[in-house]
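Undergrad: Please read through the structure below; I'll follow up with questions.
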Amino acid sequence: MTDESNFAEQILNDKNKTNVRCQFCNSLMLKAKEGTYAEQEIDVPLMVQKKDSKADALNTEALHHFWLVEDMMSFENIGFSHTVDGRKFLVCADCERGPVGYHELASKRCYLALKRVVHADA
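Using the UniProt record's numbering, the letters of the sequence shown correspond one by one to residues 1 to 122.
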């Protein structure tokens with residue numbers, strides 16, 4: 001997981017400076033310079049749901065910092081959930097942990113949350 005205080009270090013010319021990897025299994029998700037930095041606020045389900053939550057309600061957190069990926073084929077290793085309210089959530093295709101971001105069906109854009117991934121070349 002990338003600490004919010006280190007986000008600026010990951011950006012070079014509005015692109016991801018290094019490879020983006022799964023924080024759990026280190027699988028390569030996105031190669032360097034494939035994502036464009038974007039800020040917006042969106043509620044994304046927590047990676048681990050609270051036990052006391054109702055079955056029909058998801059616990060979410062507001063995320064603000066994303067790598068925008070215009071073409072889903074730019075990803076190296078990403079999985080997609082079923083559609084929920086006009087979007088699909090992104091998960092690691094190897095370990096299936098997530099969500100690490102979301103895919104907007106209307107615009108076909110993908111948003112990978114900086115907070116939920118690791119930035120490392122190796």
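Note that the Cβ used here is the ideal one computed from N, Cα and C, for glycine as well. All figures in this text were calculated on a predicted structure; none of them were measured in a lab.
Give a yes or no on contact between the segment 16-35 and the segment 84-94, applying the rule of three or more CB pairs nearer than 8 Å.
TA: yes
Undergrad: Measuring alpha carbon to alpha carbon, tell me which residue in Ser107, Ala38 and Ala62 is nearest Gly86.
TA: Ser107
Undergrad: Please report the Cβ distance between Glu34 and Asn16, rounded to the nearest whole angstrom; I am assuming they are in contact, meaning their Cβ atoms lie under 8 Å.
TA: The beta-carbon distance between Glu34 and Asn16, rounded to whole angstroms, is 7 Å. This is short enough to meet the 8 Å contact definition.
Undergrad: Taking Cys110 as the reference, give the member of Thr36, Ala57, Arg97 and Leu46 with the closest Cα.
TA: Thr36
Undergrad: With 16 other CB atoms within 10 Å as the buried threshold, where does Ala113 fall?
TA: Result: buried.
Undergrad: In whole angstroms, what is the alpha-carbon distance linking Ala8 and Tyr102?
TA: 22 Å
Undergrad: To which residues of the same chain is Phe80 closer than 7 Å at the C-beta, ignoring the five residues directly before and after it?
TA: Lys88, Leu90 and His103
Undergrad: Within the same chain, show all residues whose beta-carbon is closer than 6 Å to that of Trp67, passing over the 5 residues directly before and after it, in chain order.
TA: Asn16, Gly35 and Leu112
Undergrad: Taking Cβ to Cβ, would you say Arg21 is nearer than 8 Å to Val117?
TA: yes
Undergrad: Using the C-alpha atoms, what's the distance from Ala120 back to His65?
TA: 17 Å
Undergrad: Which residues bound the beta strand (DSSP E) around Gly101?
TA: Gly101 to Glu104
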